[in-house]
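K.L.:
Under this note's numbering, the very last position in the sequence shown is 776; numbers go up by exactly one each time. Just so you know, even glycine gets a beta-carbon here, dropped at the ideal spot from N, CA and C. Note that this is a predicted model, so its numbers are computed, not measured. My questions all concern the structure below.
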Amino acid sequence: MTTPRTVATYIRTSIHSSEAVTQQIHLTNRFLRTQMGVTSSTIYCDDGYSGVSLERPSLQSLLSDVKAGRVDTIVVSAYDRLSRIHTHLLSLQMHFEQAGVALLTVTPLPHDYLENLHRAEPLAGLFDDQLPQGS
Numbered sequence: 642m643t644t645p646r647t648v649a650t651y652i653r654t655s656i657h658s659s660e661a662v663t664q665q666i667h668l669t670n671r672f673l674r675t676q677m678g679v680t681s682s683t684i685y686c687d688d689g690y691s692g693v694s695l696e697r698p699s700l701q702s703l704l705s706d707v708k709a710g711r712v713d714t715i716v717v718s719a720y721d722r723l724s725r726i727h728t729h730l731l732s733l734q735m736h737f738e739q740a741g742v743a744l745l746t747v748t749p750l751p752h753d754y755l756e757n758l759h760r761a762e763p764l765a766g767l768f769d770d771q772l773p774q775g776s
């Protein structure tokens with residue numbers, strides 16, 4: 642497998658928890674090593690931020706770096722680390738896809754998750770104003 646140009650790891654916890662942050666970093670680092678042969682990544686961490694809002698400092702930094710072409714792969718421990726709102730998650734996935742960025746997760750999705758997520762696709766554009774301009 643070809644090693645990606647720039648890998649980003651996104652970490653989020655809803656309450657400040659160094660243990661939860663450490664656990665997510667451990668999971669994603671193990672995935673990077675064993676599945677991708679990657680030994681380092683840039684970590685974007687929003688510790689103590691709700692997954693309901695997209696207004697998180699490190700998420701916004703990650704989105705800016707995606708827009709600038711500095712990231713080509715994003716790894717999360719689970720999709721809900723990006724957002725707990727399905728339409729937000731779908732908007733983010735579409736944004737990453739349009740930018741040519743792969744989004745990978747350590748934890749597999751439930752079998753019906755993508756089916757339910759695609760039902761929300763017509764609503765995904767409603768949240769585009771929360772993504773960086775020009776994306």
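Between which two residues does the alpha helix (DSSP H) carrying residue 707 extend?
P.N.:
If you number the sequence shown from 1, residue 707 lands on position 66. Where residue 707 is concerned, the enclosing alpha helix (DSSP H) stretches over 698 to 708.
K.L.:
Give me the DSSP bridge partner(s) of residue 661.
P.N.:
What you label residue 661 is simply residue 20 of the sequence shown in a count that begins at 1. Its beta-bridge partners do not exist; DSSP assigns none.
K.L.:
Restricting to runs no shorter than 4 residues, where is the alpha helix (DSSP H) found entirely within the stretch 717 to 750?
P.N.:
Within the stretch 717 to 750, the complete alpha helix (DSSP H) runs of at least 4 residues are 727 to 739.
K.L.:
Secondary structure at residue 669, three-state DSSP: helix, strand or coil?
P.N.:
The residue given as residue 669 occupies position 28 in the sequence shown. Helix.
K.L.:
Would you mind working out which of 736, 680 and 686 sits nearest residue 657, comparing C-alpha positions?
P.N.:
On the sequence shown, position 16 is the one that residue 657 refers to. Of the candidates 736, 680 and 686, the one whose C-alpha sits nearest the C-alpha of residue 657 is 686.
K.L.:
Take residue 734 and list the residues in its own chain whose beta-carbon comes closer than 7 Å to its own, dropping the five residues that flank it on each side.
P.N.:
Residue 734 sits at position 93 when you count from the first residue of the sequence shown. Contacts found: 744.
K.L.:
So residue 653 packs on residue 693, CB below 8 Å; how close in whole Å?
P.N.:
As a position in the sequence shown, residue 653 is number 12, starting the count at 1. As a position in the sequence shown, residue 693 is number 52, starting the count at 1. The pair is not a contact, with the Cβ atoms about 11 Å apart (cut-off 8 Å).
K.L.:
Helix, strand or coil, according to DSSP, for residue 675 in the structure here?
P.N.:
Indexing the sequence shown from 1 puts residue 675 at position 34. Residue 675: helix per DSSP, three-state reduction.
K.L.:
Could you say if the stretch 695 to 705 and the stretch 673 to 686 meet the contact criterion of at least three C-beta pairs nearer than 8 Å?
P.N.:
A contact exists between the stretch 695 to 705 and the stretch 673 to 686.
K.L.:
Could you pull the DSSP bridge partners for residue 713 from this structure?
P.N.:
Position 72 of the sequence shown, counted from the start, is the residue given in the question as residue 713. The partner list for residue 713 (beta bridge, DSSP) is empty, contrary to what the question assumes.
K.L.:
Which of helix, strand or coil does DSSP assign to residue 683?
P.N.:
As a working note, residue 683 is residue 42 in the sequence shown. Strand, per DSSP.
K.L.:
Going by other Cβ atoms of all chains shown within 10 Å of its Cβ, with 16 needed for buried, is residue 659 buried or exposed?
P.N.:
One-based indexing of the sequence shown puts residue 659 at position 18. The residue in question, residue 659, is exposed, as its Cβ has fewer than 16 Cβ neighbours within 10 Å.
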